[in-house]
Amino acid sequence: MGLLIWGIACHDCTAQIVIKELTPSQLQEDLDYLVTGLETYNPTMYVYGSEKVFKKKIEVIKKAIQTPIDALEWFKLLCLAVEGVDEGHLTIGTEKDSFYHGFLEGNFKSLPLSVQFLGERAYVWNNLSEEDVLEQGDEILSINGRSMAAIRRLIFEYTSSDGHIETFKQQRLSKELSARYFWFVERPQQFLIEYKKRGTILPQKVSLKALTRAEMAAWSRKRALKKEVPRGINAVYSLAIEKDIGTLTLRSFDDAIIQQNDLQAFSFYERIFKRLRQNKVKHLILDVRGNVGGMKDFVDALLPFALPKKRKGVLRELIAWDGSNVITSFPKRNRWFFKGTIYILTDGGTYSTAALIAQYLHDYGEAVVIGEETGSRYEGFAAGNFHYLLLPNSKIQIKIPNKWVKNQLPQQPKNANRGLMPDYPIVLSIDDLLQKKDVAMAKALELIKTKS
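Residue numbers for the sequence shown follow our numbering, beginning at 22 and rising by one.
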């Protein structure tokens, strides 16, 4: 569909307030309440970012509210405020709020395209419009006179992520352009698309009518654009072994998916690594691309099997908003630990606990990282449990991560406020995507062949 909304959850949802009936002073009061809540419950507040810069941003937003505004404009300003916190786990609102619900109810009409952004360039992926002219791989040059680079920059200003990590924002932009254009750029009834057909030079133009979510779904069915989604145990992982090479794909640690498959982290990994040993696997390709994390048990339980050397000391601290903390030390090595080389495939969607796996195995297990910068901050980030802050006047719920995952680093990173950087960066082309070339996987196999 191309219209995905990350992180929406309903927790003690309350009756909706008509935002446009609130006075500017009431909304400004809500912003002050938001800042106080963030300072109270987010343990990383001002650890990785500047208090002065953040509060200046809040004052600018407050001054911009001079007249009553509607729910969509209020949501936009809240996103702008929250982006300044530099924590990707922060979430605004629930599915019952009008700025989300309008899509689900068919009240909102938006851009009927899904795209793939590669750097500042954007390409048609799924055409969900009434017009047949746009095909997968056509490059979109501009929308209603705005270049795609300018649209990307504007939407990034309202998109939360850890620190200065753009790969995570890029993932969200590609998945959610339709909604994010609607929220943060404009809400027209027509879109004038300037584009180039694949393999051509001359720009062309086509006008697309804005459509509802249901209308886009209908065109998706007509064009047979349904995407295969892994289900059952495949939604969690897959394991393939060919000669002395194993490929373990870890797709999700989502609590609900893990529970549906009745998995226990330690026994899950024990079965896998026992099988790798029995099959005399020397090279393990661990694919965590697109894994946005979930249960931390699936980080800690992996380490006894994936760290080849015995280690002692502190791995990380988990510091709660109230100052209490839990220290995690290096685990004891398991008898089935992997003795070969691990190659980890990452991208901007390698996030939260999945990013920790890549980081720990790289830093302490000598794993080779191939792909893109991971989506979570290398030094640490806010996650864990959440505090649900209800803004007093607008009644918008802010989901604040109230634990600080503070990593004990073997050395300080060259670039602060960034994710884990790959040893072998991979830059994809549109031809790679269209031809379904797995460039990162090919690089891993090349390295294995060279080593063998």
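The beta-carbon is built from N, C-alpha and C at its ideal position, and this holds for glycine as well. Please read all numbers here as calculations on a predicted model, not as lab measurements.
Is it right to say residue i is buried, meaning 16 or more other beta carbons lie within 10 angstroms of its own, or is it exposed?
i	result
E394	buried
P422	buried
A245	exposed
A465	buried
L223	exposed
V39	exposed
V448	exposed
Q418	buried
V250	exposed
Q299	exposed
V302	buried
G114	buried
N148	buried
Q137	buried
L25	Residue placement at L25 cannot be trusted, given a pLDDT of 37 that sits under 50; what the coordinates show is reported in the next sentence. By the neighbour-count rule (16 or more Cβ atoms within 10 Å), L25 is not buried but exposed.
G392	buried
D183	buried
G253	exposed
DSSP three-state label for residue i, please.
i	result
T88	coil
E151	coil
R298	helix
T268	strand
K424	strand
G315	strand
L175	helix
V81	helix
K330	coil
Y202	helix
V106	coil
K230	strand
L307	strand
E72	helix
A322	coil
L194	helix
Y62	helix
A437	coil
S288	helix
S163	strand
I262	strand
Assuming the contact rule is C-beta atoms closer than 8 Å, residue i and residue j should be a hit. Round their C-beta distance to whole Å, please.
i	j	result
Y372	G314	5 Å
R208	M169	Contact flag wrong, Cβ pair sits at about 18 Å.
G344	Q192	Not confirmed; about 33 Å, so no contact.
L336	T349	5 Å
Y179	K97	7 Å
S199	L132	5 Å
P431	D384	5 Å
Q210	A231	5 Å
I186	R398	7 Å
L59	M66	6 Å
Give a yes or no on whether 8 Å exceeds the smallest Cβ distance from residue i to chain C.
i	result
G123	Although the question refers to chain C, the structure presented lacks it and comprises just one protein chain.
With contact counted as at least three CB pairs below 8 Å, one residue from each stretch, are the segment 360-368 and the segment 331-348 in contact?
-> Output reads no: the segment 331-348 does not touch the segment 360-368.
Three or more beta-carbon pairs under 8 Å between the segment 266-280 and the segment 293-311, yes or no?
-> Flag = yes, the segment 266-280 and the segment 293-311 touch.
Mind pulling the alpha helix (DSSP H) runs of 4 or more residues that sit fully within the segment 344-417?
-> Fully enclosed alpha helix (DSSP H) runs of 4 or longer: 374-386.
Using 8 Å as the threshold, is the segment 157-165 in touch with the segment 205-216, meaning 3 or more CB pairs across them?
-> With the rule of 3 Cβ pairs closer than 8 Å, the segment 157-165 counts as touching the segment 205-216.
Jot down the residue ranges of each uninterrupted beta strand (DSSP E) in the segment 115-148, minimum 3 residues, whole runs only, in chain order.
-> Listed in chain order, the complete beta strand (DSSP E) runs (minimum 3 residues) inside the segment 115-148 are 134-139, 142-148.
Would you mind listing the alpha helix (DSSP H) stretches within the segment 232-258 that are 4+ residues and don't spill past its ends, in chain order?
-> DSSP runs (the alpha helix (DSSP H)) wholly in the segment 232-258: 234-243.
May I ask you to verify whether the segment 397-405 touches the segment 107-123, counting CB pairs closer than 8 Å and requiring at least 3?
-> Note that the segment 397-405 touches the segment 107-123; at least 3 beta-carbon pairs, one per stretch, sit closer than 8 Å.
Quick check: the segment 374-387 against the segment 318-330, are there 3 or more CB pairs under 8 Å?
-> As far as the Cβ criterion goes, the segment 374-387 touches the segment 318-330, which means the pair count is three or higher.
How do the segment 250-264 and the segment 279-292 stand: do at least 3 beta-carbon pairs fall below 8 Å, yes or no?
-> The segment 250-264, when compared against the segment 279-292, does touch it at the 8 Å Cβ threshold.
Given 8 Å, three or more beta-carbon pairs between the segment 121-139 and the segment 68-79 = The segment 68-79 and the segment 121-139 do not touch, with fewer than three beta-carbon pairs separated by less than 8 Å.
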